[in-house]
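Residue 218 in the UniProt record's numbering sits at position 218 of the sequence shown, and the numbers go up by one each step. C-beta: ideal position from N, C-alpha, C; glycine also.
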Amino acid sequence: MVTRRAAGVLRPQVLSAAAIEPQISPVPSSVRDALADPHWRRVMEEEYAVLLANQTWDLIATRLAGFTQRPGVDYDETLSPMMKPATVRTVLSLALSCSWPVHQLDVKNAFLHGILTKTVYCSQPAGFVDPAHPEMVCRLNKSLYGLKQAPWAWYHRFAMFLAKLSEDAGDPVADPTAYQSLAGALQYLTFTRPDITYAVQQVCLHMHDPREPHLTPLKQLLRYLRGTVNYGLLLHRSSSTKLVVYTDAD
Numbered sequence: 001m002v003t004r005r006a007a008g009v010l011r012p013q014v015l016s017a018a019a020i021e022p023q024i025s026p027v028p029s030s031v032r033d034a035l036a037d038p039h040w041r042r043v044m045e046e047e048y049a050v051l052l053a054n055q056t057w058d059l060i061a062t063r064l065a066g067f068t069q070r071p072g073v074d075y076d077e078t079l080s081p082m083m084k085p086a087t088v089r090t091v092l093s094l095a096l097s098c099s100w101p102v103h104q105l106d107v108k109n110a111f112l113h114g115i116l117t118k119t120v121y122c123s124q125p126a127g128f129v130d131p132a133h134p135e136m137v138c139r140l141n142k143s144l145y146g147l148k149q150a151p152w153a154w155y156h157r158f159a160m161f162l163a164k165l166s167e168d169a170g171d172p173v174a175d176p177t178a179y180q181s182l183a184g185a186l187q188y189l190t191f192t193r194p195d196i197t198y199a200v201q202q203v204c205l206h207m208h209d210p211r212e213p214h215l216t217p218l219k220q221l222l223r224y225l226r227g228t229v230n231y232g233l234l235l236h237r238s239s240s241t242k243l244v245v246y247t248d249a250d
């Protein structure tokens with residue numbers, strides 16, 4: 001170890017640090033104030049360029065009679081489900097235990113990728129009105145920030161994409177009611193056929209959104225029942241109430 005005295009340094013060096021406070025633009029209280037600030041103006045221009053590149057709207061010649069969106073008329077679902085923190089911690093714990101790779105991603109301008117199910121018109125953005133067509137209005141092709149249904153539209157599209165990646169992805173069944181009715185009947189049958197309890201439970205997992213691949217195990221279950229219609233469980237009287245368990249050592 002080399003001491004300061006051995007190195008000829010009698011006093012510790014004094015290191016100076018300097019910090020420059022960046023210029024922060026004040027939060028504007030109106031669109032006019034934002035357009036007047038060069039920093040806010042630059043950000044707005046970048047956002048507007050994204051909207052144009054995404055083909056968010058088409059300019060059409062019509063007249064708007066403005067009103068706010070009405071629930072049940074102009075939009076239905078607005079909920080965008082969020083993952084629970086406990087679920088995130090559980091997945092991370094599993095990834096750590098199983099040495100799984102963990103990746104994180106972020107979708108830029110996520111709400112702009114939602115697909116609208118109803119026609120929506122709006123005025124051109126303030127400060128970015130097309131000088132060649134100032135009288136035209138925007139007919140939205142995709143979802144937009146500020147719409148009531150924007151969160152749900154993005155969630156729905158993302159959920160549909162994830163569903164296609166699933167192994168059992170497929171087209172929805174032609175008659176979901178028939179699937180649900182048959183699965184419900186099999187569920188009732190488990191009272192006298194406990195051997196099919198687990199299989200019926202797996203079939204009932206898809207009652208809310210049955211798809212073509214889900215019909216295969218349902219049909220297999222029906223064929224099994226047809227082949228075992230004369231089988232049953234015979235209960236004998238026993239003098240003992242102790243539980244006896246048999247297991248296969250293999």
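Report the rounded CA-to-CA distance for residue i versus residue j, giving the unit in angstroms.
i           : j           : result
residue 195 : residue 202 : 13 Å
residue 165 : residue 171 : 13 Å
residue 102 : residue 90  : 13 Å
residue 234 : residue 159 : 48 Å
residue 156 : residue 150 : 10 Å
residue 148 : residue 50  : 21 Å
residue 223 : residue 163 : 28 Å
residue 205 : residue 121 : 40 Å
residue 176 : residue 211 : 8 Å
residue 181 : residue 188 : 11 Å
residue 242 : residue 236 : 14 Å
residue 251 : residue 192 : Absent from the structure is residue 251, since the part of the chain shown begins at 1 and ends at 250.
residue 143 : residue 108 : 14 Å
residue 239 : residue 85  : 52 Å
residue 116 : residue 45  : 24 Å
residue 226 : residue 232 : 13 Å
residue 246 : residue 230 : 25 Å
residue 61  : residue 119 : 15 Å
residue 63  : residue 161 : 37 Å
residue 93  : residue 110 : 28 Å
residue 106 : residue 97  : 25 Å
residue 43  : residue 83  : 30 Å
residue 99  : residue 87  : 18 Å
residue 3   : residue 15  : 19 Å
residue 104 : residue 55  : 27 Å
residue 145 : residue 129 : 18 Å
residue 213 : residue 248 : 33 Å
Please go through the same chain and pick out, in chain order, the residues whose beta-carbon is closer than 8 Å to the beta-carbon of residue i, but skip the five residues on each side of it.
i           : result
residue 221 : 186, 196, 199, 200, 203
residue 95  : 101, 102
residue 31  : 126, 127
Give every residue of the same chain whose Cβ lies closer than 6 Å to the Cβ of residue i, excluding the five residues on either side of it in the sequence, and list them in chain order.
i           : result
residue 59  : 133, 136
residue 35  : 41, 127
residue 218 : 203
residue 183 : 203, 204, 207
residue 39  : 25
residue 179 : 173, 210
residue 228 : none
Taking only beta-carbon atoms, is residue i less than 8 Å away from chain B?
i           : result
residue 199 : Here chain B cannot be found, since the structure has a single protein chain.
For residue i, I'd like the list of residues in its chain whose CB is within less than 7 Å of its CB, leaving aside the five on either flank, ordered along the chain.
i           : result
residue 57  : 138, 139, 140, 141
residue 81  : 155
residue 190 : 196, 197, 200
residue 28  : 34, 37, 40
Below 8 Å on the Cβ atoms is my guess for residue i versus residue j; work out the distance and round it to an integer in Å.
i           : j           : result
residue 215 : residue 173 : 6 Å
residue 48  : residue 125 : 7 Å
residue 114 : residue 153 : 3 Å
Quiz item: What residue ranges within the UniProt domain "Reverse transcriptase Ty1/copia-type" (65-166) form continuous alpha helix (DSSP H) runs of no fewer than 4 residues, ordered along the chain?
Solution: 85-98, 150-165
Practice problem: Scan the region 187-217 and note each continuous alpha helix (DSSP H) run of 4 residues or more that stays entirely inside, going in chain order. | Solution: 197-204
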